[in-house]
Amino acid sequence: MAKIIDISVPIYNGMLVYPGDAGAAVEPFHQIAKGDAANLSELRLGSHTGTHIDAPRHFVEGAEPVDRLPLDVLVGWARVLDLTGVKGQISPSDLEKAGMKDARRILLKTSNSGLWNEATFCKEFVSLSNEAADFLVRRGIKLVAVDYLSIERFHPEKHYVHKTLLGESVVIVEGVNLGGVEPGEYKLVCLPLRIRDADGSPARAILIER
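Heads up: the sequence shown at position 16 corresponds to 79 in the numbering used here, and the numbers run straight through without jumps.
As structure tokens, this is what we get:
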């Protein structure tokens, strides 16, 4: 049987979130221990908590929401690229050297995956450059995933990367953990909650080995 690798991060109280975003809370609402018939939890979290999908509507007013994203983009063959040697911003040449080739779905494995063990948010994470965003659009990429809470550098003034990718209906997956994943080709399954007209959603993302 093919090996299945969970690349999602868990959702829990006090988990790491992008500065300024809504925090995450998972609290008991009904409890058997307190005499209730069943256990039931209350969840309070932002639409971009943990491993999540950015729909075009996240930065493009009136664009496609998360519940109308094509499923054939969210499920299919993808290539994990080894970019662990990159510092700062990922360039077009970094992507080519990592063996992007003709992939239509790519996952960017960087040194960011080691940051999931840190208790505080790191503002100096590896991100995609503006030039690389243009490059991916020209190459016809359908989906790009990154191993931290934003694909773009911390607090950019114009959000060029997000607007460029989402403006061309490139699905962005943020917050995956690729620390234990070898570079290469996998079957990706990354499904958001079906939240009507939402700008994004937490997702469970897995890779299935060939």
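Ideal placement from N, C-alpha and C gives every residue a C-beta, glycine not left out.
Item: Grab the span of the beta strand (DSSP E) containing aspartate 117 for me, first residue to last.; Value: 115-117
Item: Please check the pair leucine 241 and leucine 134, which I expect to be a contact at CB under 8 Å, by giving their CB distance rounded to whole angstroms.; Value: Wrong, their Cβ atoms sit about 23 Å apart, outside the cutoff.
Item: Can the beta-carbon of proline 265 be found closer than 8 Å to that of glycine 113?; Value: yes
Item: With distance defined between alpha-carbon atoms, name the residue in Pro246, Glu248, Glu231, Arg273 nearest to leucine 132.; Value: Glu231
Item: What's the C-alpha gap between leucine 251 and glutamate 90?; Value: 31 Å
Item: At which residue ranges does the stretch 151-192 contain complete beta strand (DSSP E) runs of 3 or more residues, listed in the order of the chain?; Value: 168-172
Item: Do you know how far the Cα of leucine 79 is from the Cα of serine 156?; Value: 31 Å
Item: Please classify tyrosine 249: does DSSP put it in a helix, a strand, or coil?; Value: strand
Item: Looking only at its chain, what residues have a beta carbon closer than 7 Å to the beta carbon of valine 244, apart from the 5 residues adjacent to it on each side?; Value: Ile68, Ile70, Val143, Lys172, Leu270
Item: Could you tell me whether the Cβ atoms of leucine 146 and alanine 196 are closer together than 8 Å?; Value: no
Item: Taking the Cβ atom as the reference point for each residue, do phenylalanine 188 and asparagine 175 lie within a distance shorter than 8 Å?; Value: yes
Item: Would you mind sorting phenylalanine 92 into buried or exposed? The rule is 16 or more other CB atoms within 10 Å of its CB.; Value: exposed
Item: Under 8 Å, do aspartate 262 and valine 129 count as touching if we go by C-beta distance?; Value: yes
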